[in-house]
Amino acid sequence: MKANFKQYLFVINELTAREIKRRYAGSSLGIIWSVLNPLLHMVVISLVFSTMFRRSIDNFPIYFLTGQIFWTLFSTATQSAMTALSDNRSLLVRTRLPRQTFVLSRIYTALANFGYTCVAYVVMLAVFRVRLSAAMLLFPAAVLFMLAISTGVGYILSVAYIFFEDVKWLYSVFLTLWMYLSALFYPVSKLPEAMQTFVGYNPIYIVIAFARTCVMEGKVPDVMIWIRLIGWSFTSLAVGYYIFRSKGNQVMQKI
Amino acid sequence: MKDLIFNVYFVFFVAVILLILILDVAAWNLFRLIRIIKKRREWKRLGHLKPDDFEPEYKFIYPDDPQEAVRVRAAIAKRRRRTDWDPEWDLEWNLGRPVIRVCDVTMEFLLASVNPSGLKEYIIQWLKREVNYRRLYALYHISFNVYKGEVIGIIGTNGSGKSTLLKIVSGALAPTEGCVEIADGKRVQLLTLGTGFDMELTARENVFLNGSIIGYSRHFLETHYDEIVAFAELQEFMDEKVKTFSSGMVSRLAFAIATAQDAADILILDEVLSVGDEFFRKKSLERIKQMIHGGSTVLLVSHSMQTILENCSRCIWIEKGELKMKGEPRVVCEAYRRMNG
Numbered sequence: 000m001k002a003n004f005k006q007y008l009f010v011i012n013e014l015t016a017r018e019i020k021r022r023y024a025g026s027s028l029g030i031i032w033s034v035l036n037p038l039l040h041m042v043v044i045s046l047v048f049s050t051m052f053r054r055s056i057d058n059f060p061i062y063f064l065t066g067q068i069f070w071t072l073f074s075t076a077t078q079s080a081m082t083a084l085s086d087n088r089s090l091l092v093r094t095r096l097p098r099q100t101f102v103l104s105r106i107y108t109a110l111a112n113f114g115y116t117c118v119a120y121v122v123m124l125a126v127f128r129v130r131l132s133a134a135m136l137l138f139p140a141a142v143l144f145m146l147a148i149s150t151g152v153g154y155i156l157s158v159a160y161i162f163f164e165d166v167k168w169l170y171s172v173f174l175t176l177w178m179y180l181s182a183l184f185y186p187v188s189k190l191p192e193a194m195q196t197f198v199g200y201n202p203i204y205i206v207i208a209f210a211r212t213c214v215m216e217g218k219v220p221d222v223m224i225w226i227r228l229i230g231w232s233f234t235s236l237a238v239g240y241y242i243f244r245s246k247g248n249q250v251m252q253k254i
Numbered sequence: 000m001k002d003l004i005f006n007v008y009f010v011f012f013v014a015v016i017l018l019i020l021i022l023d024v025a026a027w028n029l030f031r032l033i034r035i036i037k038k039r040r041e042w043k044r045l046g047h048l049k050p051d052d053f054e055p056e057y058k059f060i061y062p063d064d065p066q067e068a069v070r071v072r073a074a075i076a077k078r079r080r081r082t083d084w085d086p087e088w089d090l091e092w093n094l095g096r097p098v099i100r101v102c103d104v105t106m107e108f109l110l111a112s113v114n115p116s117g118l119k120e121y122i123i124q125w126l127k128r129e130v131n132y133r134r135l136y137a138l139y140h141i142s143f144n145v146y147k148g149e150v151i152g153i154i155g156t157n158g159s160g161k162s163t164l165l166k167i168v169s170g171a172l173a174p175t176e177g178c179v180e181i182a183d184g185k186r187v188q189l190l191t192l193g194t195g196f197d198m199e200l201t202a203r204e205n206v207f208l209n210g211s212i213i214g215y216s217r218h219f220l221e222t223h224y225d226e227i228v229a230f231a232e233l234q235e236f237m238d239e240k241v242k243t244f245s246s247g248m249v250s251r252l253a254f255a256i257a258t259a260q261d262a263a264d265i266l267i268l269d270e271v272l273s274v275g276d277e278f279f280r281k282k283s284l285e286r287i288k289q290m291i292h293g294g295s296t297v298l299l300v301s302h303s304m305q306t307i308l309e310n311c312s313r314c315i316w317i318e319k320g321e322l323k324m325k326g327e328p329r330v331v332c333e334a335y336r337r338m339n340g
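So the protein lines, in turn, are chains H and D. For the first sequence, numbering that gives the first Met the number 0 gives the first residue as 0, with consecutive numbering after it. For the second sequence, numbering that gives the first Met the number 0 gives the first residue as 0, with consecutive numbering after it.
Quick look at the structure:
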């Protein structure tokens, strides 16, 4: 059992290494782009945004970037997990690896890329003089919640994608809608009151709010936020895993 | 007040989604149950043996208690006089417990008769009640045993279900009915060439990727890396991308990785021995023979009668998902040739 688990970790590791190596395979700087690319993006974004929206939010670039990196983690994790099963079709029918391995390796790839982005993020935090505080230690917790939510969503999408390829296009539209509801670049207080409540239940927004509270304000987030996050991650994982398990045989027949 | 209304809406929304999911899963399980019940009835009608009916037969053959053994021998002797005596039972008597037992395996694929290419069409067809599923039996009530040290050849025309059978035996696919039992603690390895090769990566990286998927640990791959490369004779090319390789080179590497560990108890070869040049084929055959000598049991799929006749101790012929014949390779191959002109 323990040996098996170790083996699966090794497989996930190798599959992830493949994705990352492939991504910058042709370029001469290679893996350095993983850090350089988000850093350059962030520089551009902060140059653009440090002149706009300045009055309503202090330290707007960091406000935006914090939301942005979490949003990217979620969208890349779920979108790549969606095609995980169908991309690895040939492996899936020929090996005894559990089906989750492929979905998890995509999530892990997104996490690894998020790690590289974080290096750039720390640089930006230093540039914009964000004060260090003990609450920043809670940042990994936000990442964990985000991973749990995206894993659950990824499970569901990967199964749905096997049956209907249209899900890919529907989901990309849905993601755009979701992004605007996640308050990446506006303060929630500007919304009408009803919308505020609605956005308050959006899991992605809650994670981002969690991260903003602990990084920018240096405070431990509110109990309500913790409860909602734990609830969302648990529900997402449970529903996702249940669907993934119960549709397993149908997926194999369809493939 | 508005806040309250929104809370209610939110809860309602989530509840509806959850309800749909639960109903869907429940409905699916219900359909499956109905199908199983129908199947059981069909079995009864046709007088087919259920997988459970096999059980006592096998359980009583190896009693530890000597008195029990005497009783079982008598029972078997009694069965021997029966007209429906299966020669397989003789084999079991002589060769001991089977390593692989394939019991009444049926694999059924559902093919949508009107194939909806997307969600929209699916919903339209579902509303019009046009989605009918056609049952396709890739395998239909297949049973056979494999004993330790045997080399079993599996033949059949294209699309007759050989690969599906191998996938089921290797555990990658679960059969719709019936069961496959592997003797305790035996490691099964399905060897199809190039599973999990990534053309964009170098050969070195592929050794690790492919090795991990097959089931080798990191430590094993690191210590046996040189052996693998030496066997594939690709020393100078290990840092090249695999997309620049010829197909022969790729299959050499794949074979070297797949057979790196000499203790695979059950080795399943899907058209593996017919690749590479003549010299490499000889070398790989040598390797397989070594494995058999070391106690491995081999299942071998090939379209080349030559390979089957030279290497197999027994042969199974599958035609359109049904087991047509099993026995002496010479006899089975002869029949197969006659059938296909």
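For glycine and all other residues, C-beta sits at the position ideal for the given N, C-alpha and C.
Candidates the options: closest to residue i by CA position
i               : options                           : result
I99 of chain D  : D:A137, D:F108 and D:Y146         : D:Y146
E350 of chain D : D:H218, D:S169 and D:S303         : Residue 350 of chain D lies beyond the stretch modelled for chain D, which goes from 0 to 340, so this question has no answer here.
P341 of chain D : D:W27, D:I151 and D:A25           : One cannot answer for residue 341 of chain D here, as it falls past the ends of chain D, which runs 0 to 340.
C213 of chain H : H:T94, H:H40, H:L28 and H:T65     : H:T65
I242 of chain H : D:L22, D:S301 and D:D269          : D:L22
N12 of chain H  : H:R88, H:F69 and H:S104           : H:S104
G293 of chain D : D:S312, D:D264, D:I256 and D:I33  : D:D264
K5 of chain H   : H:W70, H:T100, H:L90 and H:T71    : H:T100
K288 of chain D : D:C178, D:T258, D:G170 and D:D269 : D:T258
T163 of chain D : D:K325, D:E318, D:M338 and D:M324 : D:E318
D197 of chain D : H:A24, H:Y7, H:M81 and H:N3       : H:A24
H40 of chain H  : H:Y62, H:A119 and H:A109          : H:A119
L86 of chain H  : H:E18, H:T116 and H:T71           : Note that residue 86 of chain H is Asp in the sequence shown here, rather than Leu. Checking every option, the nearest Cα to that of D86 of chain H belongs to H:E18.
Bridge partner(s) assigned by DSSP for residue i
i               : result
Y136 of chain D : D:E107
R211 of chain H : DSSP lists no partner for R211 of chain H.
F143 of chain D : D:V101
I16 of chain D  : In DSSP, I16 of chain D forms no bridge with anything.
L268 of chain D : D:L190 and D:L299
T258 of chain D : Answer is none; T258 of chain D lacks a bridge partner.
T201 of chain D : D:K240
Element boundaries [beta strand (DSSP E), containing residue i]
i               : result
K325 of chain D : E321 to G326
R186 of chain D : No beta strand (DSSP E) contains R186 of chain D, which DSSP labels as neither H nor E.
L179 of chain D : Reading off the sequence shown, one finds Val at residue 179 of chain D, where the question assumed Leu. Start and end: E176 to I181.
G152 of chain D : V150 to I154
T296 of chain D : T296 to V300
I30 of chain H  : Taken as a continuous stretch (DSSP letters only), I30 of chain H belongs to no beta strand (DSSP E), as it is neither H nor E.
Run of the alpha helix (DSSP H) containing residue i, from where it starts to where it stops
i               : result
Q78 of chain H  : F59 to M81
E318 of chain D : Looking at the DSSP string, E318 of chain D is not in any alpha helix (DSSP H); the run it does join, the beta strand (DSSP E), is R313 to E318.
V187 of chain H : Per DSSP, V187 of chain H belongs to no alpha helix (DSSP H) and is neither H nor E.
V102 of chain H : Q99 to V126
V241 of chain D : No alpha helix (DSSP H) contains V241 of chain D, which DSSP labels as neither H nor E.
E221 of chain D : R217 to A231
A173 of chain D : Taken as a continuous stretch (DSSP letters only), A173 of chain D belongs to no alpha helix (DSSP H), as it is neither H nor E.
Y200 of chain H : Unbroken run through Y200 of chain H: none, as it is neither H nor E.
P139 of chain H : F138 to F162
Q257 of chain H : The displayed coordinates of chain H run from 0 to 254. Any statement about residue 257 of chain H would go beyond what the structure contains.
M290 of chain D : E277 to H292
E309 of chain D : M304 to N310
T163 of chain D : K161 to S169
V172 of chain H : V166 to Y179
S89 of chain H  : R88 to R93
CB contact below 8 Å: residue i versus chain B
i              : result
V42 of chain H : The displayed structure is made up of protein chains H and D, and chain B is not among them.
Beta carbon of residue i nearer than 8 Å to that of residue j
i               : j               : result
A173 of chain D : N248 of chain H : yes
S211 of chain D : V10 of chain H  : yes
L138 of chain D : V104 of chain D : yes
I154 of chain D : I33 of chain D  : no
E270 of chain D : S301 of chain D : yes
L284 of chain D : K20 of chain H  : no
K218 of chain H : A134 of chain H : yes
E149 of chain D : R286 of chain D : no
Beta-carbon separation (whole angstroms), residue i vs residue j, contact threshold 8 Å
i               : j               : result
V101 of chain D : I141 of chain D : 6 Å
V249 of chain D : V241 of chain D : 6 Å
F138 of chain H : V206 of chain H : Not quite, the Cβ-Cβ distance comes to about 11 Å (not below 8 Å), so this is no contact.
I203 of chain H : S181 of chain H : 5 Å
G151 of chain H : V238 of chain H : 6 Å
V331 of chain D : W316 of chain D : 5 Å
A171 of chain D : R98 of chain H  : With 8 Å as the limit, A171 of chain D and R98 of chain H do not qualify as a contact, their Cβ atoms being about 10 Å apart.
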